[in-house]
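Colleague: Chains as they are written, first to last, in full-length UniProt numbering: chain S, 1 to 292; chain F, 1 to 370. Questions regarding the structure given below will be posed in turn.
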Amino acid sequence: MSSISIPNRRNAAARPPPVPSSGVSFVLPALLLILAVFILPVVMLLLRSVTEPDPGLQNYRELFESATVARVFVNTFVVSGLVTAIALLIGFPIAWLLVILPKRWADLLFGIVILSMWTNLLARTYAWMVLLQRTGIINKTLMGLGLIDTPLPLVNNLVGVTIGMTYIMLPFIVLPLVTTMRAIEPDLLRAAALCGAGRWEAFRRVLLPLSLPGIAAGGLLTFVMSLGYFVTPSLLGGAGNMMAAELIAQLVQSLLNWGLGGATAFALLVLTLALYAVQLRLLQRGRSQRGG
Amino acid sequence: MTPFLDIQNIKKTYGATVAVQDVTLGIGRGEFVTFLGPSGSGKSTTLYVIAGFLDPTEGDVRIQGQSILSVPSHKRNIGMVFQRYTLFPHLTVAENVAFPLRVRRRPNDEIERKVAEMVRLARLETVRDRLPSQLSGGQQQRVALARALVYDPPVLLMDEPLSALDKKLREEIQYEIRRIHQETGVTILYVTHDQEEALRLSDRIAVFSQGRIDQIGTSAELYQNPATRFVAGFVGNSDFLSCRIDRVEGHSARIVLPDGACVSGVRSHGTVRAGSEGTLMLRPERVRIRNAASNTTPSENGAAGLSVTIRDITFLGDNTHFAVETDWKQPMAIRVPFGRAGAEGLAVGDRARVDWVAEDAHVFAESANG
Ligand SMILES: Nc1ncnc2c1ncn2[C@@H]1O[C@H](COP(=O)(O)OP(=O)(O)OP(=O)(O)O)[C@@H](O)[C@H]1O
Ligand SMILES: [Mg+2]
Numbered sequence: 001m002s003s004i005s006i007p008n009r010r011n012a013a014a015r016p017p018p019v020p021s022s023g024v025s026f027v028l029p030a031l032l033l034i035l036a037v038f039i040l041p042v043v044m045l046l047l048r049s050v051t052e053p054d055p056g057l058q059n060y061r062e063l064f065e066s067a068t069v070a071r072v073f074v075n076t077f078v079v080s081g082l083v084t085a086i087a088l089l090i091g092f093p094i095a096w097l098l099v100i101l102p103k104r105w106a107d108l109l110f111g112i113v114i115l116s117m118w119t120n121l122l123a124r125t126y127a128w129m130v131l132l133q134r135t136g137i138i139n140k141t142l143m144g145l146g147l148i149d150t151p152l153p154l155v156n157n158l159v160g161v162t163i164g165m166t167y168i169m170l171p172f173i174v175l176p177l178v179t180t181m182r183a184i185e186p187d188l189l190r191a192a193a194l195c196g197a198g199r200w201e202a203f204r205r206v207l208l209p210l211s212l213p214g215i216a217a218g219g220l221l222t223f224v225m226s227l228g229y230f231v232t233p234s235l236l237g238g239a240g241n242m243m244a245a246e247l248i249a250q251l252v253q254s255l256l257n258w259g260l261g262g263a264t265a266f267a268l269l270v271l272t273l274a275l276y277a278v279q280l281r282l283l284q285r286g287r288s289q290r291g292g
Numbered sequence: 001m002t003p004f005l006d007i008q009n010i011k012k013t014y015g016a017t018v019a020v021q022d023v024t025l026g027i028g029r030g031e032f033v034t035f036l037g038p039s040g041s042g043k044s045t046t047l048y049v050i051a052g053f054l055d056p057t058e059g060d061v062r063i064q065g066q067s068i069l070s071v072p073s074h075k076r077n078i079g080m081v082f083q084r085y086t087l088f089p090h091l092t093v094a095e096n097v098a099f100p101l102r103v104r105r106r107p108n109d110e111i112e113r114k115v116a117e118m119v120r121l122a123r124l125e126t127v128r129d130r131l132p133s134q135l136s137g138g139q140q141q142r143v144a145l146a147r148a149l150v151y152d153p154p155v156l157l158m159d160e161p162l163s164a165l166d167k168k169l170r171e172e173i174q175y176e177i178r179r180i181h182q183e184t185g186v187t188i189l190y191v192t193h194d195q196e197e198a199l200r201l202s203d204r205i206a207v208f209s210q211g212r213i214d215q216i217g218t219s220a221e222l223y224q225n226p227a228t229r230f231v232a233g234f235v236g237n238s239d240f241l242s243c244r245i246d247r248v249e250g251h252s253a254r255i256v257l258p259d260g261a262c263v264s265g266v267r268s269h270g271t272v273r274a275g276s277e278g279t280l281m282l283r284p285e286r287v288r289i290r291n292a293a294s295n296t297t298p299s300e301n302g303a304a305g306l307s308v309t310i311r312d313i314t315f316l317g318d319n320t321h322f323a324v325e326t327d328w329k330q331p332m333a334i335r336v337p338f339g340r341a342g343a344e345g346l347a348v349g350d351r352a353r354v355d356w357v358a359e360d361a362h363v364f365a366e367s368a369n370g
């Protein structure tokens, strides 16, 4: 066998270099840049978490034993989950409207959604502070209507964080959903209607399953972004219930505890990546089941 | 007796554009009626009104005397097969066929039984657990057909269901559709712009042109007795020659061709008036051609004719196709069946004589739709 394959191999070597290797040389600068900008800091952080103040894993032991850290992580995952769920509930009908509305109205709605993305993040967050505070419009309106007697605590707690972050994450849900929904043939829903499916059945049996890739993509993006979000939690949240990014910032900036800060950041990164891997697996399985 | 499916005076406008108007048509139970017409002639619009996707500007649609216009699509109990891509991509063949029964919350054993029946009817046994993306175009349309019939709709609508398929497959599925129509007895409204398909499948054909029905009839009626020039051109092959109408008596006219030749006994259609311009229509397979030099005697039994020059001859096996030109430079096509006498020895460039039996000639008024 080998005597046959040798001339073949020589032939192959005589041919011009195959495309893949020249491809690598083209993307090499970009790869190096990614390595320097994204990978290197993470490695340095990891190193600090096992070297400061002394070499060893004591930072990680502290991390796992601390009740505060545990509560911060629970907070982070609960808020991120809530934000993702609520953003999906609000984003799905918005995305569907964007697909079915006449072009003029769809453009207007799309503008509103996108505009919120282009407005300065701090400005948007402060705007929510104004709206949600004890003497803000929302509390005043509710009290004016006689629905409540005392102002609801909507800010400086996780309620405020959830509201503010949901608003900020909405475009990241809507955009992938619109892409997915645009690809759904309109005749498919007409066919469903003639088959006897009313609105609810058509939604449940056709629109929802066919929107799943968009839901998964937008949901994952939102959840992962929420896990590490800093600005909104620190402005709209309270001191008593931090989220992970706030904890890391405090450890590093106020307490100068680079070791524990690094360990916390690394733990968050690992959890995020694990989640990403699981989602990716689920998505791929769904796709291969659908036959690609 | 009122027809089973009664389409009354449908009109649909979009702002200033009229998509369809004056569409009136009664369809008997179990009948196979085809809407035949060019692109944009309003076939789909009419079908969509029946399906409930569009509200007509005017008119009514009744099934067994009951108006269905106020019934939403999902309660109309009408079946429909679309042009393409309307199987649910996330469901298997069997689940696609089961879909209408699932949304109707039928018991599982009934669903299983009916799906098995439909899978057999549409010959899908070997693919019943595949996803739509794993099927050929022809199989996909057979699944769509099974899904549209599984709930026993009284009316089945089909909007160009075969236009995405190649010719051979199309003929195969046309045959399947005919078989299924005969087996189920469902009333079918079928849309196509392919005249051969219409002729092959339908009991009756409604020819659409510019948002109106020009003529409704069996294929033989449309072929032998076209009501308008448009129908004549759309159903079967035809030659058109310009002429002037000399005299009209009932449904018989005398016309004058541009070379001055007089032809009498031509069948007139529509509002043909003496003194006006008209169009003479002949079927290429009803016209005879022979050598001008060899036989100069006038043709027998009232045949009329004219002199032409042969421009092209194509031998097509069972017939020969002559492309000829009249003395006033209008092209004509003539088909001569293999073995018919008279056309031997003709060559390109020759002068020849063509003639036809008077009753095979038709004249229409010149006006756009007339
Ligand atoms: N939404 C709309 N707005 C304006 N005009 C429309 C609209 N839908 C259809 N039309 C017009 O109505 C006419 C009939 O359209 P229809 O789709 O019924 O044609 P069709 O016979 O089905 O043609 P095809 O063979 O191309 O499918 C066309 O001239 C079309 O331009
Ligand atoms: Mg159409």
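Glycine included, every Cβ here is placed at the ideal spot set by N, Cα and C.
With distance defined between alpha-carbon atoms, name the residue in F/L91, F/A116 and F/E117 nearest to F/Q140.
Modeller: The shortest C-alpha separation from F/Q140 is found at F/L91.
Colleague: Please report the distance separating the alpha-carbon of F/R212 from that of F/H251.
Modeller: C-alpha separation (whole angstroms): 24 Å.
Colleague: Can you tell me which of S/L63, S/Q58, S/G228 and S/F92 puts its alpha carbon nearest to the alpha carbon of S/T179?
Modeller: If we check each option's Cα against that of S/T179, S/F92 comes out closest.
Colleague: Any chance you could list the residues with Cβ under 7 Å from a heavy atom of ligand 2, keeping chain order?
Modeller: Those satisfying the condition are, in chain order, F/K43, F/S44, F/D159, F/E160 and F/V191.
Colleague: Looking at the structure shown, is S/W105 part of a helix, part of a strand, or coil, going by DSSP?
Modeller: Helix at S/W105.
Colleague: Compute the beta-carbon to beta-carbon distance between F/V186 and F/L156, rounded to the nearest angstrom, for a pair I have assumed lies under 8 Å.
Modeller: Confirmed, Cβ separation roughly 5 Å.
Colleague: Quick one: grab the DSSP three-state call for F/A358.
Modeller: The answer is helix: DSSP assigns F/A358 an H, G or I state.
Colleague: 8 Å is my cut-off, CB to CB: does F/T86 come that close to chain A?
Modeller: Chain labels in this structure do not include chain A; the protein chains are S and F.
Colleague: Ordered along the chain, which non-local residues of its own chain (more than five positions away) have a Cβ less than 6 Å from that of F/R229?
Modeller: These residues qualify, in order along the chain: T279 and F364.
Colleague: Along the chain, where does the beta strand (DSSP E) containing S/T162 start, and where does it finish?
Modeller: Counting along the chain, S/T162 falls outside any beta strand (DSSP E), though it belongs to the alpha helix (DSSP H) covering L158 to R182.
Colleague: Please determine whether the Cβ atom of F/F208 lies at a distance below 7 Å from any heavy atom of ligand 1.
Modeller: Checking every heavy atom of ligand 1 against the Cβ of F/F208, one is found closer than 7 Å.
Colleague: Over the uninterrupted alpha helix (DSSP H) stretch that includes F/H181, give me the two end residues.
Modeller: Run containing F/H181: K167 to T184, per the alpha helix (DSSP H) assignment.
Colleague: Using a cut-off of 9 Å between C-beta atoms, extract the partners of S/G259 located in chain F.
Modeller: Here the premise fails: no neighbours, minimum Cβ distance about 50 Å.
Colleague: Beta-carbon of S/G292 versus every beta-carbon of chain F: anything under 8 Å?
Modeller: With a pLDDT of only 40 at S/G292, under 50, the local geometry of the prediction cannot be trusted, and the value read off the model is given with reservation. Yes, contact with chain F.
Colleague: Would you tell me roughly how many angstroms separate the C-alpha atoms of F/D6 and F/Q134, rounded to the nearest one?
Modeller: Cα to Cα, the separation comes out at about 39 Å.
Colleague: For a test of the three-state rule: what should DSSP assign to S/M242, helix, strand or coil?
Modeller: Three-state DSSP puts S/M242 in coil, outside helix and strand.
Colleague: By Cβ distance below 8 Å, which residues in the same chain neighbour S/T51 in space, the five residues on each side in sequence not counted?
Modeller: The residues are G259.
Colleague: Would you identify the three-state DSSP class for F/V329, choosing helix, strand or coil?
Modeller: Checking the displayed sequence, the identity of residue 329 of chain F turns out to be Lys instead of Val. Coil, per DSSP.
Colleague: What span of residues does the beta strand (DSSP E) with F/R62 cover, start to end?
Modeller: Run containing F/R62: E58 to I63, per the beta strand (DSSP E) assignment.
Colleague: Using a beta-carbon distance below 8 Å, is F/R128 in contact with chain S?
Modeller: For F/R128, the answer is no, since every Cβ of chain S falls outside 8 Å of its Cβ.
Colleague: Is it buried or exposed, S/P102, if we count other Cβ atoms within 10 angstroms and call 16 or more buried?
Modeller: By the neighbour-count rule (16 or more Cβ atoms within 10 Å), S/P102 is not buried but exposed.
Colleague: Check the C-beta distance from S/T84 over to S/S226 and give it rounded, since I have them as a contact under 8 Å.
Modeller: Indeed, because the Cβ distance is near 7 Å, the residues count as touching under 8 Å.
Colleague: Output, in chain order, the set of chain F residues within a Cβ distance shorter than 8 Å of S/V206.
Modeller: Correct list: F88.
Colleague: At the level of alpha carbons, what is the spacing between S/W128 and S/M169?
Modeller: Cα to Cα, S/W128 sits roughly 14 Å from S/M169.
Colleague: Can you look up S/S91 in the DSSP assignment and give me helix, strand or coil?
Modeller: For the record, residue 91 of chain S in the displayed sequence is Gly; it is not Ser. Here S/G91 sits in helix by DSSP.
Colleague: At a Cβ cut of 8 Å, what residues of the segment 92 to 113 of chain F count as close to chain S, listed as they run along the chain?
Modeller: Within the segment 92 to 113 of chain F, the qualifying residues are F99, P100, R102, V103 and R104.
Colleague: Quick check on this structure: which residue in S/P213, S/N156, S/I148 and S/D149 has the alpha carbon closest to the alpha carbon of S/I173?
Modeller: If we check each option's Cα against that of S/I173, S/P213 comes out closest.
Colleague: Compare the beta carbon distance of F/A323 and F/D239 with 8 Å and say whether it is the shorter of the two.
Modeller: The answer is no: Cβ separation not under 8 Å.
Colleague: Can you list the residues of chain S that F/R147 reaches, using a CB-CB cut of under 9 Å?
Modeller: Residues of chain S passing the Cβ test: A191 and C195.
Colleague: Name the chain S residues that come within less than 9 Å of F/S70, Cβ to Cβ?
Modeller: Chain S residues near F/S70: none, gap ~15 Å exceeds 9 Å.
Colleague: Using alpha carbons as the reference points, say which of F/P337, F/I313, F/L282 and F/P331 lies closest to F/D355.
Modeller: Nearest option by C-alpha distance: F/L282.
Colleague: Give the list of continuous beta strand (DSSP E) stretches no shorter than 3 residues that lie fully inside the segment 51 to 106 of chain F.
Modeller: Runs of the beta strand (DSSP E) inside the segment 51 to 106 of chain F: 58 to 63 and 79 to 81.
Colleague: Are the segment 219 to 236 of chain F and the segment 253 to 272 of chain F touching by the rule of at least three beta carbon pairs closer than 8 Å?
Modeller: Output reads yes: the segment 253 to 272 of chain F touches the segment 219 to 236 of chain F.
Colleague: Closest to F/L169 by C-alpha separation, out of F/Y151, F/D159 and F/G138, would be which residue?
Modeller: The residue with the shortest Cα to Cα distance from F/L169 is F/G138.
Colleague: Looking only at its own chain, which residues have a Cβ that is under 8 Å from the Cβ of F/G302, when we skip the five neighbours before and after it?
Modeller: Residue confidence is low: F/G302 scores 49 on pLDDT, short of 50, so the model does not pin down where it sits. Its coordinate-derived value is still stated next. Hits under 8 Å: G265, V357 and A358.
Colleague: Give the interface partners of S/L210 over in chain F, defined as CB-CB distance under 9 Å, in chain order.
Modeller: Under the 9 Å cutoff, chain F gives F88, P89 and H90.
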